[in-house]
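Following: one structure in structure tokens, then a few remarks.
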Amino acid sequence: MRVPFSVYLMPVYWFALSVAGGYTWWRAVAVFLILHVFVYPASNGYNSYHDRDEGSIGGLRQPPRVTQELYHLVLLFDALALLFSFFLSPIFALAVALYLLVSKAYSHRGVRLKKYPVISTLVVTVFQGAFTFLMVQVGVDLDIQQILQPTNSWFALVSTLFLCGSYPLTQIYQHHEDAERGDKTLSLLLGIRGTFVFSGIALGLGAALLIGLYLMLGQIYNVLVFLLCTAPITYYFLNWVRRSWQDPGEVNFENTMRMNKISSLCISLAFFLILLLRFVRIN
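All residue numbers for the sequence shown refer to the UniProt record's numbering, where the first residue is 1 and numbers rise by one.
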């Protein structure tokens with residue numbers, strides 16, 4: 001189920017809250033728990049059940065053998081996620097149900113969106129990015145007019161661009177196993193160097209759009225917080241690219257997971273601090 005792997009998806013949650021206002025904290029906590037304790041682990045477990053990886057995967061160096069009990073646990077987590085979501089909002093529950101169905105289409109051996117590089121990238125980056133961004137805001141019962149504001153839509157696009165940059169990097173060390181399984185991932189299609197270039201462009205576009213939106217709204221402090229907190233990501237990414245250009249052996253599980261940890265924690269910290277700044281200004 002790789003519950004700790006949910007940490008890597010936290011930035012979208014904090015980002016969605018950092019640009020919103022007018023919600024209660026208990027709902028925010030409830031949405032966090034539903035997504036990170038039930039929804040994401042259920043998706044991870046279902047993916048593991050169908051992939052049956054033998055090599056390292058995100059969050060696990062040596063994944064255990066898949067059993068039928070894992071499938072039953074996934075269904076239990078699905079049911080709990082939908083039940084708790086419905087208590088918050090029927091619309092939120094519907095969004096969670098759609099997310100779970102799409103995640104299953106991504107992994108299921110009969111559909112296997114994962115084996116189509118462009119389609120799988122669009123599905124993952126939209127649903128884990130913009131869709132989840134808006135789903136969080138629906139879950140905390142944000143006013144529909146605020147959710148549909150053009151600026152909020154641009155912020156949602158930023159989350160998709162960030163996912164578009166980070167998603168291929170999670171595949172970069174699995175080319176051999178993905179090819180054997182018949183999954184032509186985007187990273188496999190681009191190659192190692194192409195993956196780095198593509199990810200750098202997508203992350204750069206996301207950061208540029210976010211900074212532009214902050215400046216347009218006169219939120220200079222948000223720009224400074226974001227740049228300061230994400231500086232370690234830029235440093236590690238560029239250094240990793242340089243090392244990988246010289247030695248392809250640097251493209252491995254350890255360095256990929258380190259990149260994921262640094263980026264997720266630093267971006268989460270940035271949006272959490274921006275959320276705190278918003279709270280202080282309001283009060």
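Positions of the beta carbon are idealized from the N, C-alpha and C atoms, including for glycine. Computed from a prediction, not measured in an experiment: that's the story for all the values here.
(1) Between the alpha carbons of L203 and L161, how many angstroms are there, rounded?
(2) Let me know the secondary structure DSSP gives I91 once reduced to three states.
(3) Counting only the same chain and skipping the five closest in sequence on each side, list residues whose C-beta sits under 7 Å from that of D143.
(4) Where does the unbroken alpha helix (DSSP H) through E180 begin, and where does it stop?
(5) For M10, I'd like the list of residues in its chain whose CB is within less than 8 Å of its CB, leaving aside the five on either flank, ordered along the chain.
(6) With a Cβ-Cβ cutoff of 7 Å, do Y13 and Y49 count as a contact?
(7) Using a threshold of 7 Å, state whether the C-beta atoms of S18 and L186 are closer than that.
(8) Between M257 and chain C, is there a C-beta pair that is closer than 7 Å?
(9) Alpha carbon to alpha carbon, what distance is there between Y40 and V7?
(10) Only counting the same chain, and skipping five residues up and downstream in sequence, which positions put a Cβ closer than 6 Å to that of G200?
(11) Does DSSP put G58 in a helix, a strand or coil?
(12) Would you call Y235 buried or exposed, if buried means 16 or more other Cβ atoms sit within 10 Å of its Cβ?
Answer, in terms of the structure:
(1) 6 Å
(2) helix
(3) G22
(4) H175 to R181
(5) H36, S264 and S268
(6) Not a contact, by the Cβ cut-off of 7 Å.
(7) no
(8) Here there is only one protein chain, and chain C is not present.
(9) Each residue's Cα considered, the two are about 10 Å apart.
(10) none
(11) Residue placement at G58 cannot be trusted, given a pLDDT of 47 that sits under 50; what the coordinates show is reported in the next sentence. For G58, the three-state secondary structure derived from DSSP is coil.
(12) exposed
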